[in-house]
Structure formats: structure tokens, C-alpha cells
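If you count by our numbering, then the sequence shown holds residues 4 to 200, one letter each, in order. No residue lacks a Cβ here, since even glycine has one placed at the ideal position from N, Cα and C.
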Amino acid sequence: MTRYALAGLFMVGLIAIVYVLMSAGSGKQDANPYAKFATGPLTNLDVSSAGGAASEAEFLEADGSTGTLAEFRGKTVLVNFWATWCPPCEKEMPSLGALQTARGGDRFEIVAISVDSQEDLDYAARRLTELGAANIPLRATPPDRDNYELVYESGVRGFPTSILYGPDGTEIARISGDVDWASFEAVGFIDAVLEGR
């Protein structure tokens, strides 16, 4: 073989290896049936952590008791991490309230967990009402230990972050940044999950 033929074979082999490696890396996102919803207002939808278990860390309920995401097993839950000092968090809150009104019930619930300081929780509760999300109970990170345990264990890297968990308590998808949850695309995504399609 000439050296040009060997160089050509080497290049073909290299291209094949790169193709195989790139195909293997993108499989999880592409294989997930919900990846197709990552368009329009859901452009940042991420299914790469799908199948991961929900954190067992506690959060504070509106009445002062503690709760965990395990309490919601049996229903699909959209967990929204937010704060009153976060303009994008407040921007999406009215649409979360609308989604809770439209789809909330025995099969679906929005769990909004505030990361505000304990001194600001009364203000956070007022803001939920003012922002049109009075139908979503205020929940918060607890004050008495590492109050970001649930945030860290959930892999939240910024606010707002919403994580959708299935009835079995495993992650379906997550999205960072504000989303119009009342949009056709977002409601269609939630409906597809609830219908198992």
C-alpha cells in the first residue's frame, strides 16, 4: 500500500471512532421520549438525569412541620426551587399558578420550595398570592441544619430550577431558568407525561 492509502485508511478509522464516541454520548438525551419537548419555552429541558431518585432531604411545610418529596409518591410532581430575590423566579410564578389550576389534583401537583431566609418566609407567602400562585402552598428549605441540603441533593445549580418527578419518585426531566408554564408547549409536555406518551 502506498503511504496515501494508509493515510486515507487512518482518516476513515479516526472518523469512525469519533462518530461512535459522539453517538454514545448523546444517546440518553435522544432515547428519552420527552427530549422532543425541548423546544420553544422548554428549550432548556434536560432529560440527562432522568431516572434519578428524588432527594429524601426535608423541607419546611407552611404549618411549620417538615415534609419530604416521598409524601408525593403516586402522583407526578413539579418541584420548583425559587426565591423572592430572584426576578426570573417571580416572573414564572403566575404561570405555575395557572398550571396548578389547570392540571393540579390527584395525579399532578406543583411543589414550590422557597430558598428565602426564614425571616423572609412571610414575605414569600405574600408574594405567592400577589403573583397569582396562592393555590401553591409555600414550602421552604429548613432553618435548623444545612438548609440547602435538598437543593444540593437535587443538583440545583441556579434559580429557578424545576424538576419533574414521576409517581415512582424518579426524575423525568428538569429545566433551569424561567418558563411560561401556561404555554401550549409546557402544558402539552405535562399532559404527555401524565398520559404516559
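Can you say whether residue i is buried or exposed, counting buried as having 16 or more other CB atoms within 10 angstroms of its CB?
| i | result |
| --- | --- |
| Glu-174 | buried |
| Ala-56 | exposed |
| Thr-46 | exposed |
| Ser-68 | exposed |
| Ala-65 | exposed |
For residue i, name the three-state secondary structure that DSSP assigns.
| i | result |
| --- | --- |
| Leu-48 | coil |
| Ser-165 | strand |
| Val-190 | helix |
| Leu-72 | helix |
| Thr-104 | helix |
| Thr-132 | helix |
| Val-159 | coil |
| Glu-112 | strand |
| Leu-24 | Residue placement at Leu-24 is flagged as unreliable, the pLDDT there being 48, under the threshold of 50; the coordinate-derived value follows with that caveat. Three-state result, Leu-24: helix. |
| Ser-179 | strand |
Report the CB separation of residue i from residue j in whole angstroms; it is logged as a contact under 8 Å.
| i | j | result |
| --- | --- | --- |
| Ser-98 | Asp-183 | 5 Å |
| Leu-63 | Thr-144 | 7 Å |
| Leu-167 | Leu-81 | 5 Å |
| Pro-44 | Ala-189 | 6 Å |
Looking only at C-alpha atoms, which of the options sits nearest to residue i?
| i | options | result |
| --- | --- | --- |
| Asp-109 | Ala-115, Thr-46, Gly-169, Ser-117 | Gly-169 |
| Ala-101 | Ser-120, Leu-197, Phe-187 | Phe-187 |
| Gln-103 | Arg-200, Ala-185, Gly-191, Glu-198 | Ala-185 |
| Glu-59 | Phe-75, Asp-66, Glu-122 | Phe-75 |
| Gly-191 | Phe-40, Thr-46, Pro-36 | Phe-40 |
| Gly-161 | Thr-132, Val-118, Ile-193 | Val-118 |
| Tyr-126 | Ile-193, Thr-87, Leu-81 | Thr-87 |
| Pro-36 | Thr-42, Thr-46, Pro-44, Val-50 | Val-50 |
| Phe-84 | Asp-123, Arg-177, Gly-107, Ala-189 | Arg-177 |
| Ile-116 | Glu-198, Leu-134, Glu-61, Arg-106 | Glu-61 |
| Asp-2 | Thr-164, Leu-197, Lys-78 | For the chain, the structure presents residues 4 to 200; residue 2 sits outside this window and is missing. |
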